[in-house]
Structures are given as structure tokens and as C-alpha cells.
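There are 2 protein chains.
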Amino acid sequence: MAKEKRVEQITDMEVDFAQWFTDVCTKAELVDYSGVKGCFILRPYGYAIWENIQKELDGMFKRDGHCNVSMPMLIPESLLQKEKDHVEGFAPECAWVTMGGSEELPERLCVRPTSETLFCDHWSRVVHSWRDLPMLYNQWCSVMRWEKTTRPFLRGREFLWQEGHTLHATEEEAREETLRQLEVYADLCENYLAMPVIRGNKTDKEKFAGAVNTYTIECMMHDKKALQSGTSHFFGDGFARQFGITFTDKDNQQKFPMQTSWGMSTRIIGGLIMTHGDNSGLVLPPRIAPIQIVVVPVAQHKEGVKEKATEMYDAIKAAGFRATIDLSDNSLGWKCAQYEMKGVPLRVELGPKDIEKGVCVCVRRDNGEKISVALDELVEKLPQLLDDVQQGLFDKAKRNLDEHCYAAYSLEEANELQKANGGFIKTMWCGDLQCELDMKEKAGMSSRCIPFEQEHLADTCACCGKPAKHMIYWGVAY
Amino acid sequence: MAKEKRVEQITDMEVDFAQWFTDVCTKAELVDYSGVKGCFILRPYGYAIWENIQKELDGMFKRDGHCNVSMPMLIPESLLQKEKDHVEGFAPECAWVTMGGSEELPERLCVRPTSETLFCDHWSRVVHSWRDLPMLYNQWCSVMRWEKTTRPFLRGREFLWQEGHTLHATEEEAREETLRQLEVYADLCENYLAMPVIRGNKTDKEKFAGAVNTYTIECMMHDKKALQSGTSHFFGDGFARQFGITFTDKDNQQKFPMQTSWGMSTRIIGGLIMTHGDNSGLVLPPRIAPIQIVVVPVAQHKEGVKEKATEMYDAIKAAGFRATIDLSDNSLGWKCAQYEMKGVPLRVELGPKDIEKGVCVCVRRDNGEKISVALDELVEKLPQLLDDVQQGLFDKAKRNLDEHCYAAYSLEEANELQKANGGFIKTMWCGDLQCELDMKEKAGMSSRCIPFEQEHLADTCACCGKPAKHMIYWGVAY
Chain A
1 MAKEKRVEQI
11 TDMEVDFAQW
21 FTDVCTKAEL
31 VDYSGVKGCF
41 ILRPYGYAIW
51 ENIQKELDGM
61 FKRDGHCNVS
71 MPMLIPESLL
81 QKEKDHVEGF
91 APECAWVTMG
101 GSEELPERLC
111 VRPTSETLFC
121 DHWSRVVHSW
131 RDLPMLYNQW
141 CSVMRWEKTT
151 RPFLRGREFL
161 WQEGHTLHAT
171 EEEAREETLR
181 QLEVYADLCE
191 NYLAMPVIRG
201 NKTDKEKFAG
211 AVNTYTIECM
221 MHDKKALQSG
231 TSHFFGDGFA
241 RQFGITFTDK
251 DNQQKFPMQT
261 SWGMSTRIIG
271 GLIMTHGDNS
281 GLVLPPRIAP
291 IQIVVVPVAQ
301 HKEGVKEKAT
311 EMYDAIKAAG
321 FRATIDLSDN
331 SLGWKCAQYE
341 MKGVPLRVEL
351 GPKDIEKGVC
361 VCVRRDNGEK
371 ISVALDELVE
381 KLPQLLDDVQ
391 QGLFDKAKRN
401 LDEHCYAAYS
411 LEEANELQKA
421 NGGFIKTMWC
431 GDLQCELDMK
441 EKAGMSSRCI
451 PFEQEHLADT
461 CACCGKPAKH
471 MIYWGVAY
Chain B
1001 MAKEKRVEQI
1011 TDMEVDFAQW
1021 FTDVCTKAEL
1031 VDYSGVKGCF
1041 ILRPYGYAIW
1051 ENIQKELDGM
1061 FKRDGHCNVS
1071 MPMLIPESLL
1081 QKEKDHVEGF
1091 APECAWVTMG
1101 GSEELPERLC
1111 VRPTSETLFC
1121 DHWSRVVHSW
1131 RDLPMLYNQW
1141 CSVMRWEKTT
1151 RPFLRGREFL
1161 WQEGHTLHAT
1171 EEEAREETLR
1181 QLEVYADLCE
1191 NYLAMPVIRG
1201 NKTDKEKFAG
1211 AVNTYTIECM
1221 MHDKKALQSG
1231 TSHFFGDGFA
1241 RQFGITFTDK
1251 DNQQKFPMQT
1261 SWGMSTRIIG
1271 GLIMTHGDNS
1281 GLVLPPRIAP
1291 IQIVVVPVAQ
1301 HKEGVKEKAT
1311 EMYDAIKAAG
1321 FRATIDLSDN
1331 SLGWKCAQYE
1341 MKGVPLRVEL
1351 GPKDIEKGVC
1361 VCVRRDNGEK
1371 ISVALDELVE
1381 KLPQLLDDVQ
1391 QGLFDKAKRN
1401 LDEHCYAAYS
1411 LEEANELQKA
1421 NGGFIKTMWC
1431 GDLQCELDMK
1441 EKAGMSSRCI
1451 PFEQEHLADT
1461 CACCGKPAKH
1471 MIYWGVAY
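Residue numbers (my numbering), protein chains in the order written: chain A, 1 to 478; chain B, 1001 to 1478.
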């Protein structure tokens, strides 16, 4: 007899989006809270999503010639202080190691919030000649930032990420690298995570501490708020000068190399949840889903059902799909709800009547569509079915983004549009910090980016009326 | 004209093995020292070895049903103190975070030296029923132990490792898991790293803090000293009781689950260096080498040499080998020395005369043997050539191990044998701590393990003359 297990309820996303998000994180078994505030446990299902993201990104990094390395997790305070803007940006939120065993340390050490200083310190010892360049490094690790308010994936005191750090002989090459890596992030977001992005420049106010330029990809969540999803920074030779990194160029001159860094974190999983999720739970794009297909037998106590379901499952696995089968004694309803909660893109149902007819029912997680497929055609049809889910998710997210970008011509209009609709508000901007501060104060929006794809909406800044320099996106951000 | 670059010299391993080791670590570009003592930088070549080890181990773990997770890096002091033996073992060498931003923390947090306490804390919240078991978890991360003396790979304050943590319904299942994972480590060592192992039990004195049993694989280095290369622990339900982890079993009884943990670290790379290395530098087994084959053109300024070498390189890459080609303007001598230093298993040399004859010369790194191979047969012969190097390395290491295990029948004899030959000394042992302490004091040896493969050397303990319980291996260990 089927064991009746209650399906766990989650908060309605239209009622309380923040609570819905937390519910999905815990009920889909992505995270658990630890004893240290803001330090989350990634459970197997949550970590498997990160592993799939890692695999894709790592492949792209290596394709472009990057090597992985491992830097220490501790930075001496004196090293962190070498670059002025950088330390100002990060020191206030560092966690400090002050004791080793029972002894107080002569100098306190911060748990890395980011590793520019460590890479620069290393490079100052090993870079000598143009032959040593470029240095194309990446590191997979966790970093620590002592935030006041924390949320799973979105804001942790500790979070997992990758940080790429590169060093180049020329500014041109370094700038190319910065943009190439932004494009890698955009590729991952759009083509694997089904998250459409807006690419652009951060304003000076929103730049990474110590950077000359910060490029960003911005995504729109289901609740119309913005998520900065990946950033790539051009540093010029600022760090190199502070850390004394020089090289002898082909012309025999001593020069400072040009530097970049770029990072993407487990925050993107928060974005994935908030882009595609619904009131039944998580919805995962097939290209990144730990389980792409779940086979669920219907009326499995009937003769031959488990056997046929297992046969189909074996064929699906053998074809290379990430699949599972649920032969447990839980009820059908519980099983369906469970795999919906976990966002499995495709559920293959198979009961006695289906078997008689030689078919099964494929249920799409993204739109609930049920598709009857002949059993002997299932394996060959799965790639198309999964592609349809992937494309369906991207299209839906793209519509959400496109339909919630509004042009405004004054600060007041921007404020009204944001209050009425949420989303991204695009305006012309003079480039002055004061207008950015005004927009924050009066309309509650931060600048998201100066998009690469510019439109000429007007001649003057929407905030102050001075001549406009750029079109800029504003939004309420995570 | 070829640029003359000096080949870097390393210390003779027979003169100063410790300095030779450090020289190899730096000259082969495996590590760099950071500003924090005992926290080493793994450079691309060093990290690539770890990535290859990770790939093999991770595949084995997943094959056996383990999932990766991510636990926080910080442990509240109160959590660390829950298991008495455990905290006694680790607290003296913890690094402590006491400040977050500018504020002193209400409770200090240690940077994980190992994560049993974190896993147990999590499990106490998520394990309820026999249906939740087994929990088969693994984590790839770095841990921190505030050691006094440090050396690259062998003893770091921070080091990379994996830690497997599992929870089972029965002792039998947990004990099977403990031994299965020890066998995974033995498989990796013997079949990938070409390092023969001795499997056995640790004595109570040498057990992991909090464990009921610790199993180990012990390897012998070139200098005849021992390296503990991987350990697997059975905990019984000791932690479960302290952390309140219970489950309802099939018989509806509340029970404490049985626990294991097992770990292998970047220390094994130190072992790899000290097992196979020679006075020309590193020697890497093909199955784990980041570069398996290097193509080096001879007299590359002569017409057609670079082209032919590139053609062969392309064919080698296309066949799936990890390969590189050196077309730089460095001298042939420098190139050969460089790839020998880096331990590349096979060097393919190709000059004008070879091309005329339709051959190339394959040089084995393990024994220097030069093998002439027809160019049109090269790709098909490479697997056998690499297997020969792999086997050659294992055989040599196995001879070193077999030839330096000595039986002794008294403490004095054990001491003399160790002083004369180094290596592992096997004796009978009564099982008493005092004899273990005597052996350490009088012969400078610690117990390595009570091997699974027992021999009956005598009836009485070599130290005290009381009835013997086991045969045991003694040695001087890293």
C-alpha cells in the first residue's frame, strides 16, 4: 500500500516572494542553515547545481587558456592595505583571525574577501619578462564578507565562487580579456541557465574597489528586481604599481603589466531560483539540472509496471541523460509534487494503460504540458523535449525582462514607473554621482549598468537636465 | 639562434633529501611561499596534479553513491567542544576568528581543522528515519591546522583535501564503508600514483581524535621514511550520541546511527614527489601527469622540422593524450632539462635526420631509455609506452618497499636495523601503549600500522617479552 506522506507546502510567491524563496531553498533541499549566521550548508542537490555550473565555466575558462591555482585563504592585514581603494572597500567587512592555537598572532589575518592582493603578491615574485605573460589564472574557492543581513545564495558571509585573475603586457589585451570573460558569463547565463542578461558598464559608484572599469551582466528576477549576476574588472596597472610587479618587455623596457579579475558566485543559483521558480517550487533548465528526467511508475503494484519503468529508465541512462527513477512506496501524488519541488525538467509517467498502448506521458516542468510519446521513440525524442523546456524557460524569462524595461524622462517618472511596475527603468544620465544619489534617495533605485546597447532617449539627464552622456538602467537590486 | 638560458640546479637527493624536496617543489613550479607561514600557493602545474587526483577520486566516490556538499569553513567553539576526544585532538592547533568587521564576536569561531562537528550538527537536523540513511557525503575544501613547523605539501597550516563523511543504520554497513574507502585510496595510490601501499589499522595512540578505529595506507618514500597517505575512520555512534542524531529504524525503534569519515590531502603530492623523483627533478606517473608527452623538435631552425613536429603533436593531441610542444627559442638542452624537472613521462624528440628516416626518439623519464619509433606508428604505440613508464615506476617503488622491510625480534634489533637501513621494521607487539612509547624513545620510530596481512614472527612482543597480539610496522614518518 502506498505510504501517505504529506507534500510540504510553500508560501505563494505572489504573496511573499522573500518567504517563497526561502521555502524553495529549504524544501527543495538546496541549503541548510549552520550555527554561524550567514554561513550556509549546500546540501547534495544544491551543490550538484553548483558542480554543473562549475563544469561548464571551468571548461570555458580552460578553452581560453586559463589555469586553476590555489591561493591561501588568509591575507595579512599589511598586504590587504597595499591598494588604498581596495582596502577601503573590503576591510569593513573582513573576518579576522587573531589567534593561532593558544597564541595571539603578531599580525591579524583576514579570511579572504577576494584575492587580488594574494595574486599580486605572488606575481611580484614570479613575473619578470614578457615571456611570462599573460598570466591567465582562476581559483575555485569560498570567500568571506561579514555582512549584516544574510540570505541563502543571495548574501552570505561565506560563499563559493570562482575568481579569475589575469595579467597582461598591454592595456588592449587586458581590456579584451575583461570583455571576453564577461561574454563567458553571459554565455553561461543565457545558454545554460536560460537567464537573459543585459551587459554593460558599472558606474564609478558601483565599481569594484580598486578597478578602473567594472563590467556587469544584470538579470531580472520574477519579482522584477535586478540581480547582478557576474562581473569582470579592468584594473589598469594600479595594483601592479602598488605591489611592484614589473616585467621586461620585448623592447627591453621595464613596464607595469595590466590586470583583470572576474567572478561568478553561488549567488547565481539564487538568480536561477528567482528567475524560473513557481508556486510548485524550483524549476531548473535541463542543461544545468542535476536530474534532467525522472521516471515515475503509475500504479506500480500492477504486474509489469516497475519492470517496464526500469527498462525505460535504463535506456534513458544508457543514452547519457542525468536521470533517476522513483520506485519507492510513496504515493504518486507525493512523488510528482516532490520532483516538481526539485524542479526536474521532465517527468516520464508510465502506468498499466500506457504500457498497453506502448506509450508514456512526458510532463514538462516549465508549463505542465503533457505529451504522449511512443515508448520505442522516447529516447530519441528526449533531446528535443529537453531543448523545448530549455527554450521555453529562456523565452519566458526574456519576455519578463523585455516587458518590464521602461523608458523615463524625469526622476519623478522613473519613480512612478518603478512603484507601479517594478522592473528596469532606462533614462539618460549626465554621468554625475549626485544624480545617482538622487535616484537612490528619491526613487529607491541604484544604477544597474550603462548598457553596451545604447539608445538615444533624449538629449538631457533625466535627473538634473544637464546634457546627457549615456543611457543607463536603474532598478531595485538584490 | 637558440637563446641560452641556464638550467636551474637542484640539490643532490643523496646529499640533502629535504633540500632536494624543497628544490623540486619550487623549480618544477609546483608551489610558491605566501606571506603567511605554512600557507602555500599551488601554482598551475602543482594544482593540475591535484585536479587530476580529484577527478579520479571524485569519480570513484560518485561511482559508490557519494554526493558532494559544501559545509561552512567556520566552527563555533561550542560546537567543536561537543565531542571530548575530538576537541582535545584539534583545539590546540586551531586558527580562531575573533573579529567580524570592526566588532568582536560573542563566540570565537575556528577555521575548520576537519568537519565532523559540522556534518553531525547538520545531520542532527535532517536525519529522522532509516529512509534517510545512509548519508554518503564528501567535501572538497581546504582545512587549517596551526602547525609549528611547515613544509610544502607535507605539512601546511592550510591544505587542500577531501573529507568524506557518512552515516549508516548499522555498524556492519559503516565498517564496510570504512574499509571500502580505504580500498579506494589504495586503488588511487597503486594504480594511478604508482605508489605501493601497506594497509592496516592504526594503534589507539595514532588514531584520529574521536575514532573507534582508524585504518591507514602507508607508503615508503625514496629516503625510506614513511608517509601516511590516506586514512579512513570508524566512529561508532560516539558523535551521534553527543550531537543527538537519532533515527527511527524499520522496527520503529529510535537508534543512533553509525558514522565514518575518510580523507586524502595534497600531502599525497609530497608523497608522489618523494616516491618517484630523482636528481633531475620530478617524475610523474602518466596516469596523473598534467603533461604526459612533450614534443621537442631538434635543430628546429632546419627546414620542415617545426612543421613535422607540429604535425606529430597535433596527431598526439587528437588521439586524446595530454601533450604539449615546445617551439620556443630556448636551447634543446634547456628544454630537455626543463621537462625532466617537471617530470613529463615521455619526451618525443624529432630532428632532420629522424624525419629523413621516418622516425622519432621517445625518451622515458623514469629510466632515460631512448626508443626509436616509426612516425606512422607513434600514436598507436604511445599507450604502451606510457603504460611501461607507469609500470616501471610502480615496480621500482615496490622494490624499494619490499627491500626495506625488516623483521626484528627485540627493540635493540629494531633500533639497529632502522639506524643501518631505514625503512619499515616489523615486530610482534603486545598491544600496550608503553611499548609504543619505548619504541619511539629508544629507536625513534612511531607505529605505522598493524597490517591487515599479518605474519607470525614470534610469540612474544619485541619490546617487553609479553605474549604478542599482532605484528606491527614501525618507521620514521613524515
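Idealized CB from N, CA, C, for every residue including glycine.
At least one CB of chain A lies nearer than 7 Å to the CB of tyrosine 1047 (chain B). Taking 7 Å as the cut-off, the beta carbon of proline 257 (chain A) is found closer than this to the beta carbon of leucine 167 (chain A). Relative to the Cα of valine 1379 (chain B), the nearest Cα in the group B:Pro1076, B:Leu1327 and B:Ala1323 belongs to B:Ala1323.
Put simply, the backbone Cα of isoleucine 1355 (chain B) is about 47 Å away from that of serine 1034 (chain B). Look at valine 1031 (chain B): its C-beta is not under 7 Å from any C-beta on chain A.
In this structure, phenylalanine 153 (chain A) places its C-beta atom within 7 Å of the C-beta atom of threonine 266 (chain A). Taking every protein chain shown into account, the CB of arginine 145 (chain A) has 16 or more other CB atoms within 10 angstroms, so this residue is buried.
Within chain A, the residues Val69 and Ser70 have their CB atoms less than 7 Å from the CB of leucine 1042 (chain B), given in chain order.
Around the CB of phenylalanine 1452 (chain B), fewer than 16 other CB atoms lie within 10 Å, so the residue is classed as exposed. In this structure, B:Lys1370 is the residue among B:Cys1025, B:Lys1370, B:Thr1260 and B:Asp1402 with its C-alpha nearest to the C-alpha of aspartate 1388 (chain B).
Cβ atoms of tyrosine 1137 (chain B) and glycine 1101 (chain B) stay farther apart than 8 Å, at about 32 Å. Residue contact check for glutamate 56 (chain A) against chain B: no CB pair falls below 7 Å.
Under the three-state reduction of DSSP output, histidine 470 (chain A) falls in the strand class. Between the alpha carbons of histidine 1086 (chain B) and threonine 1216 (chain B) lies a gap of roughly 18 Å. Inside the stretch 383–446 of chain A, DSSP marks whole alpha helix (DSSP H) runs of 4 or more residues at positions 411–421 and 433–443, from first to last along the chain.
Look at leucine 1079 (chain B): its C-beta is under 7 Å from a C-beta on chain A. Within the stretch 1091–1122 of chain B, Pro1092, Glu1093, Cys1094, Ala1095, Trp1096, Val1097, Thr1098, Met1099, Gly1100, Gly1101, Ser1102, Arg1108, Leu1109, Val1111, Leu1118, Asp1121 and His1122 place their CB atoms closer than 8 Å to a CB of chain A, listed in sequence order.
Aspartate 121 (chain A) is classed as buried because its beta carbon has at least 16 other beta carbons within 10 Å across all chains shown. Taking arginine 1157 (chain B) as reference, the option from B:Asp1432, B:Val1111, B:Pro1134 and B:Cys1461 with the minimal CA-CA separation is B:Val1111. Bounds of the alpha helix (DSSP H) holding alanine 1018 (chain B) are 1017–1027. Within the stretch 1343–1367 of chain B, the runs of beta strand (DSSP E) that reach at least 3 residues and sit entirely inside it are, in chain order, 1346–1350 and 1359–1364. Under the three-pair Cβ rule at 8 Å, the stretch 1017–1032 of chain B does not count as touching the stretch 31–47 of chain A. Leaving aside the five residues that flank arginine 364 (chain A) on each side, the residues in its chain whose CB is nearer than 6 Å to its CB run, in chain order, Val389.
Methionine 1073 (chain B) reaches chain A at Cys39, Met73, Val111, Ser142, Met144 and Glu158, counting residues in chain order whose Cβ is nearer than 8 Å.
For glycine 1035 (chain B), the chain A residues whose C-beta falls within less than 7 Å of its own C-beta are Pro76, Leu79 and Asp121, listed in chain order. Taking a C-beta cut-off of 7 Å against chain B, the contacting residues of the stretch 123–136 of chain A are Arg125 and Val126, listed in chain order. With contacts defined as CB atoms closer than 7 Å, glutamate 218 (chain A) and alanine 211 (chain A) fail to qualify as a contacting pair. Contact between the stretch 1281–1300 of chain B and the stretch 1336–1349 of chain B is present: three or more C-beta pairs spanning the two stretches fall below 8 Å. Rounded to whole angstroms, the gap between the alpha carbons of histidine 1456 (chain B) and glycine 1431 (chain B) is 15 Å.
Serine 1078 (chain B) is classed as exposed because its beta carbon has fewer than 16 other beta carbons within 10 Å across all chains shown.
With at least 16 other beta carbons inside 10 angstroms of its own, arginine 1199 (chain B) counts as buried.
DSSP, reduced to helix, strand and coil, places threonine 117 (chain A) within a helical segment of the structure shown. Taking a contact as a CB-CB distance under 8 Å, the pair glutamate 1173 (chain B) and proline 1113 (chain B) does not count as one, their CB atoms being some 27 Å apart.
Between the beta-carbon of isoleucine 288 (chain A) and that of isoleucine 49 (chain A) there is about 6 Å, and that keeps the pair under the 8 Å contact cut. In this structure, glycine 333 (chain A) lies away from alanine 299 (chain A), with their beta-carbon atoms at least 7 Å apart.
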